[in-house]
Amino acid sequence: MQVVKLPENIIRKSNELVVACHKLNLSEQRLLVLLTSAISPDDEDFKDYELRVSDFAEMFNLELSGLYVDLQNAAQSLMKQQIKFNGDNEVEVINWLSYIKYMKGSGIVKLRFDKALKPYLLQLKSHYTQYKLSSVVAFKCQYSMRIYELLKMEAFKANKRGQFERFFEISELRSILGVDDKVYPVFADFKRYLIEPAMREVTKETDLTIDDIKYGKTGRKITNVIFVVTTRCSDDEKKVLKTDQNTKPEVHRLIEALPPDKKSEVCPVINSLVEFGISLPVANTIKNTHDVEKINRNIAYTVAKKQAGEIKRNFAGYLNSAIEKDYGAAANQGSLFDVVSSVAIATKSISRNNGEKNEKDKMKQVLHDFSLLPQDRQEEIQNEFLARCCKSDAAAELIMKQSKIDGKSFYSYPVIEFRLLKFIIDNKIC
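In our numbering, each residue's number is its place in the sequence shown (first place is 1) plus 170.
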């Protein structure tokens, strides 16, 4: 039995659930977020969540009178309410709850999520949205919570100033919110009664400020909306971790969102994992559990698999499994491709087979000549090299991505340097 408690509980939802189509009233939404906040990141199955009506009233600042009946009605409605997940080739429909038990005279309700929601609420490793329960308890508008979640989902994309944008087609936004064309058919009313109240509440009550809302037209009809948003840190989140100036802005934002006791050393391999869609806490765990060479070879392995069209979705999940089970090592024993480590070995082998001393001397001279060229000529050669030699090279692509994180020239990595210099020699450029 899991008792829903009141401290700074955290809500975690998969992004698929955040954008799924459903329409709930305010009482139903409040009941769901309170239940969701009781889920632990380590839970492998749903529990029977015990909710005290007095706690519910305290959390949302409500009068106790009549609240038990309101909660009963909300719970019964959630047994029937459906969530629709629109996939590429399928539509999945799930109910929110599968079990309710009323404890007469106790002011307690026991509830259980439908088991089909497990992939969307349990064991979330990547592609999920997280926020504090306290961010949404003051909402009075029916649509504020959904708008907040949809914006929060994109907050990791904020730039150095903490600003980001979220685009919606009006038809898409209506579908997600469960507001059909018959509700507020005139756009001015849709804007006045749905968008603007949500904008005011999100800005007033949460860690997001909606600075502006831009409306786009097709012909004379407004067909899309862009929310311009700035993230705000609470006092305890302002203890910013001093990260390298080349750290990706979205990684920096993720670090800021972590409690101080969970912040870890930021290093290139963590940046790479986050870049590929793995959440920062999971990236930290991977880095502390596996050696860097193992992580890098499995990143390269997964990139190559994706380029071959063998990974069509959940790239981050596949990468996590690849590292855990070391698919890259198995591939090295077979015939898949050149991951970074095997390329380095091949590079050394080529040097030995062609006469180490002469080859090294030649390479040094070419590198020296290249370094003396004007900057624009160097860039011209690099671009030609990229276009002709690295376009379909998974290992090279990985290293170039890593170079942007490290702030180094991509050709300063031994594997790439060797290829670039060989390209220059073969084409008699210098």
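No residue lacks a Cβ here, since even glycine has one placed at the ideal position from N, Cα and C.
Exercise. Going by beta carbon distance, what residues of the same chain come within less than 7 Å of Leu443, once the five residues before and after it are set aside?
Worked result: Locating residue 443 in the sequence shown gives position 273, where the first residue counts as 1. Result list for Leu443: Ala453, Ile456, in chain order.
Exercise. In whole angstroms, what is the alpha-carbon distance linking Gly348 and Thr472?
Worked result: For the purposes of this step, residue 348 is identified with residue 178 of the sequence shown, where counting begins at 1. For the purposes of this step, residue 472 is identified with residue 302 of the sequence shown, where counting begins at 1. Their Cα atoms are separated by approximately 37 Å.
Exercise. Which residues does DSSP pair with Ile383 in a beta bridge?
Worked result: Your numbering for residue 383 matches position 213 in the sequence shown. DSSP lists Phe397 as partners of Ile383.
Problem set entry | Where Arg362 falls, given that 16 or more other Cβ within 10 Å makes a residue buried | Locating residue 362 in the sequence shown gives position 192, where the first residue counts as 1. Counting Cβ neighbours within 10 Å, Arg362 comes out exposed, since fewer than 16 surround it.
Problem set entry | Contact belief for Trp642 with Ile253 at Cβ below 8 Å, rounded distance in angstroms | Residue 642 is absent from the structure shown; the chain starts at 171 and stops at 600.
Problem set entry | Whole-Å CB distance - Gly332 paired with Thr376, under 8 Å assumed | Mapped onto the sequence shown, residue 332 falls at position 162. Mapped onto the sequence shown, residue 376 falls at position 206. The distance from the Cβ of Gly332 to that of Thr376 is about 14 Å, inconsistent with a contact at the 8 Å cut-off.
Exercise. Out of Glu549, Ser304, Cys191, Glu463, which has the shortest C-alpha to C-alpha gap to Val261?
Worked result: Here residue 261 corresponds to residue number 91 of the sequence shown, with the count starting at 1. Nearest option by C-alpha distance: Cys191.
Problem set entry | Beta-carbon separation (whole angstroms), Val189 vs Ile340, contact threshold 8 Å | Residue numbering aside, residue 189 sits at position 19 when the sequence shown is read from its first letter. Residue numbering aside, residue 340 sits at position 170 when the sequence shown is read from its first letter. Actually they do not touch by this definition, with Cβ atoms about 15 Å apart.
Problem set entry | Selection from Lys532, Gln545, Leu542, Glu463 that minimises the alpha carbon distance to Asp596 | What you label residue 596 is simply residue 426 of the sequence shown in a count that begins at 1. Nearest to Asp596 by alpha-carbon distance, out of Lys532, Gln545, Leu542, Glu463, is Lys532.
For this session: Would you decide whether Tyr385 is buried or exposed? Buried here means 16 or more other CB atoms lie within 10 Å of its CB.
Result: Position 215 of the sequence shown, counted from the first residue, corresponds to residue 385. The residue is exposed, with fewer than 16 neighbouring Cβ atoms inside 10 Å.
Exercise. Leaving out the 5 sequence neighbours to the left and right, which residues in its chain are closer than 7 Å to Glu554 when beta-carbon positions are compared?
Worked result: Position 384 of the sequence shown, counted from the start, is the residue given in the question as residue 554. Closer than 7 Å at the Cβ level, and outside the excluded window around Glu554, lies no residue.
Exercise. So what's Leu543 in DSSP terms, helix, strand or just coil?
Worked result: In the sequence shown, the residue the question calls residue 543 occupies position 373. When DSSP states are grouped into helix, strand and coil, Leu543 belongs to the coil group.
Exercise. Candidates Asp225, Asn185, Ser210, Asp213: which alpha carbon is nearest Leu201's?
Worked result: For the purposes of this step, residue 201 is identified with residue 31 of the sequence shown, where counting begins at 1. Nearest of Asp225, Asn185, Ser210, Asp213 to Leu201, Cα basis: Asp225.
Exercise. Can you list, in chain order, the residues of its chain whose CB lies under 6 Å from that of Arg336, leaving out five sequence neighbours each side?
Worked result: Translated into the one-based positions of the sequence shown, residue 336 becomes position 166. Close CB contacts of Arg336 within its chain, under the 6 Å cut and outside five residues either way in sequence, are with Leu321, Glu324, Phe397 (chain order).
Problem set entry | Buried versus exposed, by CB contacts within 10 Å (16 or more), Ala557 | In the sequence shown, residue 557 corresponds to position 387, counting from 1. Per the 10 Å Cβ criterion, exposed.
Exercise. Closest to Ile180 by CA distance: which of Tyr301, Ala474, Phe593, Lys495 is it?
Worked result: The count along the sequence shown starts at 1 and reaches residue 180 at position 10. Answer by Cα proximity: Tyr301.
Exercise. Is it buried or exposed for Lys475, if we count other Cβ within 10 angstroms and need 16 for buried?
Worked result: The residue given as residue 475 occupies position 305 in the sequence shown. Buried, because 16 or more other Cβ atoms sit within 10 Å of the Cβ of Lys475.
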